[in-house]
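Notes follow once the structure below has been shown.
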């Protein structure tokens, strides 16, 4: 509907002084998009919300009325004048009508609410929406999640290719986000290369799924500028009402903090806000893995059981002890077809009452190529996970 409305506004603006061509273009759009266009025509020109059948009937009556008026006056009558006369003297649905230049009015309205470069909402409009949605979430005791996104290494693009390249990247990223987001989600350019996405009635788990889908889409989309191919990634922070904040300003602050945490984890990832800085996006994960401590003389392979998994690390339990700081090689399988060989560092090793050792392993930066496979696994299995369980286990990082 939004796309059709934009097409209508373009037609009204382009053929404002040529009613014959205007009507032809409107009829062509109706033939192409369907009869819902009739209702949109009246929304734009008269601010009346008409059922499709009524809108179609009134439109044909207006076209007939236009011919009658033109014949009576011996000259062509402007379509807006015909519409006004029809609703005031025949249909009588308008009272105290005011005729305005709709395209100019819409253009002015858009300039007050939208960012000129990306077409997303601007900061002030988003702040109002955030305040409104937070109040609504409080009133209805519902969830509200905020994603604070920031393009990685954006300054480098501006410095090396110029601001026109940066502008093109922002426009394309904005279009990708608009495609990936749901119709009820609210996207804005918050400043520079920062984009905010407000997710009404959405918990942390579902919010992360949306954010991760957007992150992967942008990472996998080829963006070029004047023949130069650009590798674009983004980092995102996520905070939810009422778990992380009780008001709009705190929710924004915490999502912003989570975004900087995502940057500190190596960029190109989505991070939850948490008061415990060791926590990250994690889920319970139980399977057998094989571990080997690396060194001058490689030690024997031993088995362990995993307890939780995140993009940045894994928590395992084993009868074997490994010292903190040790480098290990871990053989695990997220799918039956191909085992995953990962190198990591032991960041914590704790002996349990059972005699086993709980070992936290952080994946090394050198294995970031494995991130998408782990991310895909999390995307697949997090959908039905209760939000509180995402924060239940400490991150190894």
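Numbering (the numbering used here), first residue to last: 28 to 424. Cβ coordinates follow ideal geometry from the N, Cα and C atoms, glycine included. These numbers were taken from a predicted model, which means no experiment stands behind them.
Asked	Found
Three CB pairs or more closer than 8 angstroms across the region 201–210 and the region 240–248	yes
Neighbourhood of residue 209 by C-beta, 6 angstroms cutoff - its chain only, sequence neighbours within 5 removed	none
Under the three-state DSSP convention, the category residue 69 falls into	helix
Rounded straight-line distance, which links the Cα of residue 295 to that of residue 56	42 angstroms
Inter-residue spacing [alpha-carbon to alpha-carbon] between residue 271 and residue 114	52 angstroms
Residue 92, DSSP secondary structure in three states	helix
When 50, 49, 88 and 31 are compared against residue 60, the one with the closest alpha-carbon	31
Check whether residue 376 and residue 347 have beta carbons under 7 angstroms apart	no
Candidates 147, 174, 213 and 151: closest to residue 160 by CA position	213
Of the residues 111, 373, 172 and 184, the one placed nearest residue 260, counting alpha carbons only	184
Simplified DSSP assignment, three categories, for residue 348	coil
Check whether residue 174 and residue 263 have beta carbons under 7 angstroms apart	yes
Pairwise C-alpha distance: residue 366 and residue 396	Because the pLDDT of residue 396 is 49, which lies under 50, any placement of that residue in the model is unreliable, and the question is left without a value.
Residue closest to residue 389, alpha-carbon to alpha-carbon, out of 101, 370 and 44	370
Segment contact, 8 angstroms Cβ cut-off, at least three pairs: the region 316–331 with the region 285–299	no
Whether residue 345 touches residue 331 by CB criterion (7 angstroms)	yes
Straight-line Cα distance separating residue 192 from residue 394	Here the model assigns residue 394 a pLDDT of 45, short of 50, so the residue's position is not dependable, and the following value carries that caveat. Near 30 angstroms, if we compare the C-alpha coordinates of residue 192 and residue 394.
Sequence-distant residues of the same chain with beta carbon closer than 7 angstroms to residue 275, five excluded per side	157, 158 and 161
Whole runs of the alpha helix (DSSP H) within the region 180–259, excluding any shorter than 4 residues	181–188, 190–207 and 231–247
DSSP beta-bridge partners of residue 177	221 and 262
8 angstroms CB neighbourhood of residue 265 in its chain, flanking five on each side removed	172, 173, 174, 175, 231, 234, 235, 238, 282, 285, 297, 298, 299 and 300
Beta-bridge partners of residue 315, as assigned by DSSP	332
8 angstroms CB neighbourhood of residue 182 in its chain, flanking five on each side removed	none
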